[in-house]
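There are 2 protein chains.
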Amino acid sequence: MYFPYLCFIVQIKDCKYSRCLYFTSAALARKVEKLATESWKKVNLSPSLAYLLMTVLDEPGIQPSNLSAQIQLQPSTVTRLIEKLEEKKLLVRTTEGKITNVYPTPKAKELHPKLKECLVHFYETYSSLLGKEESGRLVAAMGKVVDKL
Amino acid sequence: MYFPYLCFIVQIKDCKYSRCLYFTSAALARKVEKLATESWKKVNLSPSLAYLLMTVLDEPGIQPSNLSAQIQLQPSTVTRLIEKLEEKKLLVRTTEGKITNVYPTPKAKELHPKLKECLVHFYETYSSLLGKEESGRLVAAMGKVVDKL
DNA sequence: ACTATATAATTGTATATACAAACATCACTA
DNA sequence: TAGTGATGTTTGTATATACAATTATATAGT
Numbered sequence: 039m040y041f042p043y044l045c046f047i048v049q050i051k052d053c054k055y056s057r058c059l060y061f062t063s064a065a066l067a068r069k070v071e072k073l074a075t076e077s078w079k080k081v082n083l084s085p086s087l088a089y090l091l092m093t094v095l096d097e098p099g100i101q102p103s104n105l106s107a108q109i110q111l112q113p114s115t116v117t118r119l120i121e122k123l124e125e126k127k128l129l130v131r132t133t134e135g136k137i138t139n140v141y142p143t144p145k146a147k148e149l150h151p152k153l154k155e156c157l158v159h160f161y162e163t164y165s166s167l168l169g170k171e172e173s174g175r176l177v178a179a180m181g182k183v184v185d186k187l
Numbered sequence: 039m040y041f042p043y044l045c046f047i048v049q050i051k052d053c054k055y056s057r058c059l060y061f062t063s064a065a066l067a068r069k070v071e072k073l074a075t076e077s078w079k080k081v082n083l084s085p086s087l088a089y090l091l092m093t094v095l096d097e098p099g100i101q102p103s104n105l106s107a108q109i110q111l112q113p114s115t116v117t118r119l120i121e122k123l124e125e126k127k128l129l130v131r132t133t134e135g136k137i138t139n140v141y142p143t144p145k146a147k148e149l150h151p152k153l154k155e156c157l158v159h160f161y162e163t164y165s166s167l168l169g170k171e172e173s174g175r176l177v178a179a180m181g182k183v184v185d186k187l
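Sequence lines, in order, name chains P and E. Using my numbering, read the first sequence as starting at 39 and increasing by one per residue. Using my numbering, read the second sequence as starting at 39 and increasing by one per residue.
Next comes the structure, spelled out in structure tokens:
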């Protein structure tokens, strides 16, 4: 495999695609997802459910469209995630006209401190593996790229 | 939402989770996947099918376990991808004992130059959006992290 | 040589996410 | 005020990937 223009970058490990943005970002996301899943097992939620729930806890009454923008998932995906959290009795929806508002239940509010703990645990796990500053720099760089794409 | 120890990183855009590795790596992977999908539409393959196929073209007879290591997907996923490429008459499998070998068909070999073009197109698309050096640096940084996780 | 363990691949099933279409409501304009 | 287009949400369906269990084969220790 030949990656034009990228010859100046040192090849990493034995993987032929280590210099390719598609391959590398996908692999990274899968590994990080696994790590995050582990951290959120304590509250029996997948990372995406946990992030959505935390967002609602921070802004009770938030609309799905706003959630979609904040967590950067498609509206249809947000609907599906909300449904799951409703089944778990952690969220409720009210609809007025075309607007839907999403609220945390008391059960969700009770869970809030534990959610924060999971977030801290997740951060500590990856920053101990990667180094605080290095991982911070990487996240910042990736964030910039997300905005450009 | 409060991200302990990360206060020194500038918040990006309006997104509350822009400093979180999980969130950012997932968002980046989704955006890059979309871009890659566009580039590989010319050969009517998804990016993961295309990468697997290119790997087999480079190493005819390669085993699924080796493919799994190279493209960093689970063996079960590799089996499923190979099945799809078999349906498209681009790969064939032979099995001897516990070992399976995967070979490209003539049809796949004909497609090889087009696959390379797609790769170049993909690279040019993202490097024109992000800058060659900046994207190269980012990919290298992400690759290191993948290896550490 | 026989058994226990390790390896390679596959299958059944589950989860996450997306796209496109449908639906409902709202806002604006002629 | 009727019609048209924009917006917010949901639904039907498809794709990608994984985990756990299974099957088949190979290897090593005694």
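Ideal Cβ positions, reconstructed from N, Cα and C, are used throughout, including at glycine.
In this structure, residue 157 (chain P) keeps its C-beta atom at 8 Å or more from the C-beta atom of residue 142 (chain P). Taking a Cβ-Cβ threshold of 9 Å, the residues of chain E close to residue 85 (chain P) are 60, 61, 64, in chain order.
Contact between residue 86 (chain P) and residue 66 (chain E) fails: their C-beta atoms lie close to 15 Å from each other, not under 8 Å.
At the C-beta level, residue 168 (chain P) and residue 91 (chain P) stay beyond 8 Å of one another. A check of alpha carbon separations from residue 150 (chain E) across E:59, E:75, E:106, E:97 identifies E:97 as the nearest. Contact of residue 141 (chain P) with chain E is not assigned, every C-beta pair being separated by 8 Å or more. Taking 8 Å as the threshold, the shortest C-beta distance from residue 183 (chain P) to chain E falls below it.
Residue P:94 holds the alpha-carbon nearest to the alpha-carbon of residue 147 (chain P) among P:94, P:100, P:135, P:68.
Interface with chain E (8 Å Cβ-Cβ cutoff): residue 120 (chain P) is excluded. In this structure, residue 176 (chain P) and residue 180 (chain E) form a Cβ contact; the two beta carbons are roughly 7 Å apart against a cut-off of 8 Å. Assigned with DSSP and collapsed to three states, residue 132 (chain P) falls in strand. In this structure residue 74 (chain P) is in contact with residue 60 (chain E), their Cβ atoms being roughly 4 Å apart against a cut-off of 8 Å.
For the 8 Å CB-CB criterion, residue 102 (chain P) and residue 117 (chain P) form a contact. Burial check for residue 137 (chain E): the Cβ neighbour count within 10 Å stays below 16, so the residue is exposed. In the structure shown, residue 143 (chain P) adopts coil according to DSSP, grouped into three states. With a 10 Å radius around the Cβ and a threshold of 16 neighbouring Cβ atoms, residue 174 (chain E) comes out buried.
Interface annotation, residue 146 (chain P): not in contact with chain E, CB-CB separation never under 8 Å. For residue 104 (chain P), the enclosing alpha helix (DSSP H) starts and ends at 102–109. According to the DSSP assignment, residue 80 (chain E) belongs to no alpha helix (DSSP H), since it is labelled neither H nor E.
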